[in-house]
Each structure stands twice: as structure tokens, then as C-alpha cells.
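Novice:
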Amino acid sequence: MLGLALLPAARGSRRPEYGGTLRVELRAASVSLDPREWKAGAMESATDEKMGALVFDRLVALDNYGRFQPQLAAEWSHDAGFKRWVFTLRPDVKFSDGTLLSAADVATALQPSLPNGQQITASGNSVVVQSAAAMPDLLEELASGRFFVYRVQLDGSLMGTGPFFVSETAGGGRGPSSSTIAAGDSNLAASSPGVNKMTHLRFRANEETWSGRPFLDAIEVTLGVPPLRQLLDLQLGKADLVELSPELVRRAMQDNQRVWSSAPVTFYGLRFDDAQPAGAAAKLRKAMSLSLDRQTMANVLLQKQAEPASALLPQWLSGYAFLFTMETNIDRAKEIRATLPANMAAGADPLRLRVNAPGDLAKLLGERVAVNARQAAILVQVVNRPATRSANNAATASSDPATGMHLFSWHYSSLSPKVELESMVSTLNFGDSAEAAASSADPEQLYAREKKLLEERRVLPLVALPEYIGLSQNVRDWMPARWGEWHLADVWLDLPEPSPAQPGNSNATATPAAQPATASPGAKP
Amino acid sequence: MSARQKLSPPRSRGRFFSCSVLVLLLVSIPLSARADTLEDVARTLARKIAAVPQRERRFFLSWQNHSSLADEHSQTLKKSFTDEFGGENLVEKQESGAHALQVSIEETPAFYILIANVPTATGEATRISRFARAALPSAGTSGVQHRLLKELIWQQQEPILDAVEMGEDPNKLSPLLILGRDSLSLYRRENDRWELQDTKRIPTSEKAMRAPRGEIRFSPGSEKPDIIVLPGQSCEVALGERIGLNCRGASHPWREGMSLASPCDRGVWWISAEPGDWSVPDRLSLRNPSLPNSAPSAVELDLPGPSLSISTGRRVQSDTTVVFNLSTGNYEVYRITLACAN
């Protein structure tokens, strides 16, 4: 009778399986795997960061339960004033070419990303981060954004320690070196400056990664796929993971597709240009703010797939965003408008609004801003951005001589609210740099700083959008962070039994190679 | 002076090499023993409010928890706050002359944030305190009275592959054997707390595994040795004051369930976890092993996360299951027993 305990049961929990290729489709026309190129807040950098997480590791990670987990750092400590942190590196971590990671590699990779005043140095098998100012939020800082560790090789390419490496790329036309790299000809994990804009990527599992071989054999990424095409490919079984644009979310759900959404990670706002008379007029900024109907933007224009924004940082990041409110009061806006010169933002001299953010959504928001403003007797003329990647976005702070207002997008990337706020302020150039230098991670002081920035109204929040992902039914263990990290190394595919009747299914016919010697179908975690 | 963090290897919940006895002991300390942080934060906030210039004198307290913080912790915070602020400054209900002091608990990826809106003569002042989410272990769930019963007997942050109870008395907390990612540890219950008796490191393969798996297999009443099974090897286990391990290469099929004796009819049933991946909670099912697999389960029991293993120790009338609690991120060991319906 007791022997029954050791008999395998006929059924049981589904355990992770190794193998298969995850097919991913993205909107971005190209990807850079060089963290040095990523621009703070840029929409494109959000995609770059997701792809970067496949090939690079950070020192620490923050899990969904608020706990910092060791990654390349095995342990860490700090002094009483949070001015000196020591990170002891995990031993025997290897880059994808088999060479050992050193403290010098870490220091060299991270120094360019650290804010002014923070210094990182190698010391034995540790790195030391020091600053004259306290760094209580250093772990949040290092657990997010561009704080990946890599080694720059002699040919300029980057190498990582992560769970995957790039095995194949197809170029997007940035110079002669953007040609396809033959599969398997390199174990290198990234890109050289000339080949860092790719339109097609294939990532292969890194068998030797310190964190354990990922379940997937490979990840196939197709870039530049329009949103509707992505949804169709998901419906037809041609893709496993796609980005859903907000207007397609409802349709995908009605079609019983698996849809996942993050916390709001993309912010849309208006920035006034102080160099322009209209932008510098505090009363006009106030009238504009009162005219904006954010509820309608979020609920009607974006079909309830966005949230009205009343703060620069989202609630999930700051914890205090709910304290801010943005009033809509057309009558009051008209009253204020009436006190301004009649020819300001009127007639032949409209307030020009340049849409710097990419995508149709930004254009729609720009038009809605103009409609709202008109109700307050403010004439806004919308000028759309040029359709190029680099022309965009939050990171473009240059002034158009004739533009008094910019519509921008901002993708949150840091888990440190202080770093994110100051990054936004400095990139968009709308705050006092002296105050930024003195800015504190203390939430009360951070709240006071954001409150002051909002009261100046040089930036007006509009809406904040989550990221929406459509998933095929066979994607398992999809456990992303709510701030948008995908954790694809943990994902596995519930593959059907190979069958001659399924010749078109690339997953079903995926080569069984690369099954690791230790890849018993074991229990995770 | 320094603050120090040491968490061994990992990668999300699945990749943490569990070996830190310190962490195990800390986590097994009762929550009340580590409430200082909570109390300090609440008192700090109370003192900040007391120092607000031109604040109103008497308030009624509106306390709201918008975070994932367990209600018991929220109440602990509230009590500390009230004690520090002074009961004479707070009234129970909204009454004339008393202004609302709104305190809410919010949450960010790394912190719980306490925010107070303080009425003043000129408007409102805001005061904020915070504490690290990681500083607070989430409360475990207690047993739910079904026919299949579960009782939480252990929880920790470090991964557990398998766990079994060693004793034979079903009414006592017996020694607990815990198989971690690279160690086997034996705990005894002393003075209402778990004490580590011995821990032994297990030789593992050089390659890190993303999905480690291991099982403890006891053979009560048989001549077979007790063993632990790991990918590619098995180890004979000798348990006394110290743990003895003798490992060799071997391949065993993985277990998918466990028998469980009924105290009601002396019958033996089979419990297993319903198929599901690691992102969703599992449900334990009880089946009659003599019926076809397609037969419906007799009883089901919801778990707070995926079941990583089901094992049995010396007792035939109880099993243990290791669960990754999706709400708290802890690894939990539950004793599973079968109770009579009546």
C-alpha cells in the first residue's frame, strides 16, 4: 500500500519544458542593444531595454514582492549615511565568450550611466559606489534602466552575461555593417556601433549562463510590424507575443486573446517653451491647463485603456500621485484667457503645438488638445513630427523657433522615483538645475519638488498608458514585473507533440538541439 | 556601522540558491518580534504630524490601506501611530470641531508609503514616511477547514524543493527536513520556535539549473533507505543528530503525487496538483487510486500558489506540499491531512 507513494501518477502539475522558439513581434522599426545609446524617456529605448535584458544582466533585481535579489552582485552593504556602497560580485560569472566577468568590467560599464557625483571603482572582487550625497535609493537605480553590465570588445561590439545571445541579425540600413550576421558564427552578445540598429533579431539560449539555461531554445524578434498586423499574426498563430496598441485591446479581448497589461509606463504631456512669448506666459499656461479634458482623452479617445494623468510620476512609482489633481474648468480658462493680449494664441498668431511623440496616438492627443483649447478661446495649431526614429520624443528638447508647446511622451524606466523625476526634468529642461542637484530621495521632499514643478505648469500632464501584450495560449510562466520587465528567460512554451499534420508550425518543428544535459523536466523554481 | 544585505544567487523566484541559515532563521521568527520597523515608521509619521505648524488640534482619524500590506500589519501601524500621536488628540467619530486626519498606506515597487493629509489653519499639509516592503515578511495563510485540510508549518523566502515531517505523532510539530536548492536541513521545534539542528551541503552539478527539482523519499516501514532524488543523482540519507549523505549518479522518474491515508475508513487516496504553470495557483485533488484517471476528483483544495512537491514523511495520515505563494513570494510548507466529512 505504501509503495503507491512512489508510483508516478498518471497526471500532475504542468512542469516547465525546454525547447521551442518564441516568436515576438514589435512595433519599433529597429533596436539598439547598446545601453550607451539609449535615451532617457524615449519610447524606442523601452524596446531596446527589453531586448537588452535578454543579453545583459544587472547587479541586482527587484522582484514583484519588493525584495532586491542578487544578480551579478552576490551581496552588498552600505555605510550609515548611504554614501558608500560595496557590491561583492558573484564568482565565476562568464561572458558569452567564456571569459570571466571582473570588477573592472562592471565599473567600466556602469560609470557612464551613473548620475554626476556618483563614482564606481573596482576593488578586488567588489565594486564600490561612492558619492558626497546620500544614495538611499541606489538599489532601485541599479535594478532598472540602463544599468546593464557589458564588456566592450576591441571591435566595438558588446558582450553580456545574460540568458541569451544574439545569433542572427538583419540590418535596418544604417551603414554597410548592418548586414545579416550568419547564425552561429559568433557567440557574441550584441552589436557594434555600426550594426546596432536591427530589424530582425534571433536570440539563442546561453547554455553557460550563471542563472541557468533559459527554457526557450530561441527568441525570434521581428521588428517594424504594424499593430493590426501583430494582432492578426497572434490570431493566426504566427506570433506568440505581440505588442497591442490601446485601440486594439478591446478587439483582442473580444476575440478571447490573452492580454496582459502593465502599470502605466508611458506618460504623455505638454511642455511649454520658455523661449517663446506664449510659452513663457504663466497665465496662458494656466488657461491651457484648465481647458484640458483628460477624462475624455483617457475614456473616449483611448477607450478607457489609459488613465488621466495629474502628476509627472505615476502612482505605482511615487506612491503619492493621488494627492495631485488636475482641474478642468472651461469658464475659468476663458476668464484667464480674456486677461491676456487679444493677439496672443489667436488669429494669425496661433499657439503652435509640435507633436514630438511618435505614433498616431500622439497625433490624436494633439488634436484633442487643440479642440479643448479652442473652447477656452485659445487657438492651437498642431504640427506633427517628422516620421523618423531619431526625430522624436521626450529626449528632443531643442526649441522650434515658432513652437510654443510640445506634446511629448515619456517612458518610465527607473525604479527610483528621484532618478526618474530628475531625468525627466533635465531631459525636458523644465526645472531648476540647482534644485535638481539638491533633490532628495526622501518621499516628502520629492513630493514637494514635484508639486512645485506642477504648479509652475511648464509641463502639463495629459494621460498615462500601460503596456499591452497579446500572448498565444502556449506561452507559459509569463510572469512579468508590473512595471514592464518581461522576464522571458523564465517563459516556456507548451509545445504540441510533433506531428506531420502541423507542417506550418515553426515551434512544433523546432530543432530539439540545445537541450542541455541538465535539462530534466524539473520543477521550477 | 553598516547595513548589510546578503541574498545568495538567484534569478526571480526560481533561481535563488538557498543556503543562508541566517535568512531561514530570520524568516521563521514570529512577526511580532520584528515589528520594530513598522512601529518606528508609524511613530515617525505621528511625530511629523505633531510638528506641523498651525495644525488643527483635534482630529478624527481616517485610516486607509490601499496597498497589499496585510490588514494585521496595517492595524499594527495604526495602533502605533495612535499611541504616539496621543489618544486625546484623536476622536473616534466625526464630530463637530474635529477635522479629518487622512492617513493612507500606498505602495511602490520597493516601499510602502504612509501619507498623511493634515488639516491646518491655512489648508492642508502633507507628511510622508516609508518603509521597505522587503523588511516585512508577508503573513502566511492559515488552514481552511475542508475535508482536505492544509496547515502552514513553515515559510521562508529562499527556495524549497521539498520538505517532509519526520515525526509520527500527527498532533505535534515534528522535526522538519527541508531540501533546498543545494542543501538539506533538519529543524527541530524548541520552545515554540524552529531551531536548526544540522544542515548539509549537497554536491550539485556545475551548471546552474533554471528549474531545479528535488524530492525527499521516505520509506516508512520498509527496509529501503531514505533517499533524496536530484537531477542525475540520488543520495542516501542517514538522519540522527547529524545528517549523513551518500550520493551517487542515478536517474529516477519524478513523482507526480502522493498517497494519503484516511483516518475515516483506513483507505488510501491519491493527492496530486491540478495541471497549471507557475504563474497560477494550483489546486490539490484527491482521487481514488483504483478509479480511472478520468474520474472526477473527490475533494479539491485551493493553494495560494503552484505546488512544487508533494511528499510524505513518517506519518501515513499526513503529507506535506511545498507551495510558492504568489501573493507573498514566500516558499511555504503545508501539512495536508484528510478529515472525515462529518
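In order, the protein sequences belong to chains A and B.
Start counting the first sequence at 2; every next residue gets the next number (the working numbering).
Start counting the second sequence at 649; every next residue gets the next number (the working numbering).
Don't be surprised by glycine CBs; every beta carbon is placed ideally from N, CA and C.
Just so it is clear, the structure is predicted and the values come from calculations on it, not from any experiment.
(1) Can you check the segment 207–291 of chain A for any beta strand (DSSP E) of at least 3 residues that lies completely inside it and give the ranges in chain order?
(2) List, in order along the chain, the chain A residues whose C-beta lies closer than 7 Å to that of B:Met814?
(3) Would you please state the rounded distance, in angstroms, between the beta carbons of A:Gly320 and B:Thr724? I believe it to be under 8 Å.
(4) Could you tell me which residues DSSP pairs with B:His747 in its beta bridges?
(5) Looking only at its own chain, which residues have a Cβ that is under 8 Å from the Cβ of A:Ser473, when we skip the five neighbours before and after it?
(6) Looking at the C-beta of A:Gly21, does it have a partner C-beta in chain B at a distance below 8 Å?
(7) Please report the residue range of the beta strand (DSSP E) in which B:Met906 lies.
(8) Would you identify the three-state DSSP class for B:Leu693, choosing helix, strand or coil?
(9) Run through DSSP, which three-state label would B:Glu991 get?
(10) Tell whether a beta-carbon distance below 8 Å holds between A:Met327 and A:Leu285.
(11) For A:Ala465, write down the residues that DSSP places opposite it in a beta bridge.
(12) Measure the C-alpha to C-alpha separation of A:Gln120 and A:Ser292 and round it to an integer number of angstroms.
(13) State the Cα-Cα distance for the pair B:Leu797 and B:Ser716, rounded to the nearest angstrom.
(14) Quick check: the Cα distance between B:Val971 and A:Glu141, rounded to an integer number of angstroms?
(15) When the cut-off is 8 Å and only beta carbons count, does B:Asp684 lie next to chain A?
(16) Residues of chain A with a CB under 7 Å from the CB of B:Pro873: which are they?
(17) Label A:Asp156 either buried or exposed according to how many other C-beta atoms from any shown protein chain fall within 10 Å of its C-beta, with 16 as the threshold for buried.
(18) Using the rule of at least 16 other Cβ atoms within 10 Å of the residue's Cβ for burial, across every protein chain shown, is B:Phe779 buried or exposed?
(19) Report the three-state DSSP secondary structure of A:Trp411 (helix, strand or coil).
(20) Would you kindly work out how many angstroms separate the C-alpha atoms of B:Tyr979 and A:Arg59, rounded to a whole number?
(21) I'd like to know whether the C-beta of B:Ile801 is nearer than 8 Å to at least one C-beta of chain A.
(22) Indicate whether at least one CB of chain A lies closer than 8 Å to the CB of B:Phe759.
(23) Report the three-state DSSP secondary structure of B:Gly991 (helix, strand or coil).
(24) Does DSSP classify A:Leu324 as helix, strand or coil?
(25) Counting C-beta neighbours from all protein chains within 10 Å, is the total for A:Asp93 16 or more, i.e. buried, or is it exposed?
(26) Considering B:Thr730, what are the terminal residues of the alpha helix (DSSP H) in which it resides?
(27) Would you be able to state if there are at least three C-beta pairs under 8 Å between the segment 410–422 of chain A and the segment 142–150 of chain A?
(28) Nearest CA to the CA of B:Asp950: which residue from B:Thr960, B:Ser959 and B:Gly924?
(29) Can you name the start and end residues of the beta strand (DSSP E) that A:Ala363 belongs to?
(30) Kindly say whether A:Glu423, judged by its beta-carbon, lies nearer than 8 Å to any beta-carbon of chain B.
(31) Can you tell me whether A:Thr200 is buried or exposed, with buried defined as 16 or more other CB within 10 angstroms of its CB?
(32) Along the segment 480–494 of chain A, where does the CB come closer than 9 Å to a CB of chain B? Name the residues.
(33) Please report how far the alpha carbon of A:Leu454 lies from the alpha carbon of A:Val460, in whole angstroms.
(34) Which residue wins for smallest C-alpha separation from A:Trp317, given the options B:Thr969, B:Glu754, B:Lys726 and B:Val947?
(35) Grab the span of the beta strand (DSSP E) containing B:Tyr979 for me, first residue to last.
(36) Does the distance from the C-beta atom of B:Thr774 to that of A:Leu447 stay below 8 Å?
Specialist: So, to answer that:
(1) 219–223, 242–245 and 259–273
(2) Ordered by position in chain A, no residue passes the 7 Å Cβ test against B:Met814, which lies about 16 Å from the chain.
(3) In fact, because the Cβ distance is near 19 Å, the residues do not count as touching under 8 Å.
(4) B:Phe707
(5) Leu235, Gly238, Ala240, Asp241, Leu242 and Arg259
(6) no
(7) Gly905 to Ala909
(8) helix
(9) Only positions 649 to 990 of chain B appear in the structure, and residue 991 of chain B is not among them; the question remains open.
(10) no
(11) A:Phe268 and A:Glu308
(12) 46 Å
(13) 26 Å
(14) 28 Å
(15) Model confidence at B:Asp684 stands at a pLDDT of 48, short of 50, so the residue's coordinates are unreliable; what they give is reported in the following sentence. B:Asp684 does not count as touching chain A.
(16) Chain A residues near B:Pro873: none, gap ~13 Å exceeds 7 Å.
(17) exposed
(18) buried
(19) strand
(20) 25 Å
(21) no
(22) yes
(23) Because chain B here runs from 649 to 990, residue 991 of chain B falls outside it and cannot be looked at.
(24) helix
(25) exposed
(26) Asp719 to Phe733
(27) yes
(28) B:Gly924
(29) Counting along the chain, A:Ala363 falls outside any beta strand (DSSP E), though it belongs to the alpha helix (DSSP H) covering Asp361 to Gln376.
(30) no
(31) buried
(32) Met480, Ala482, Arg483, Trp484, His488, Ala490, Asp491 and Trp493
(33) 8 Å
(34) B:Glu754
(35) Tyr979 to Leu986
(36) no
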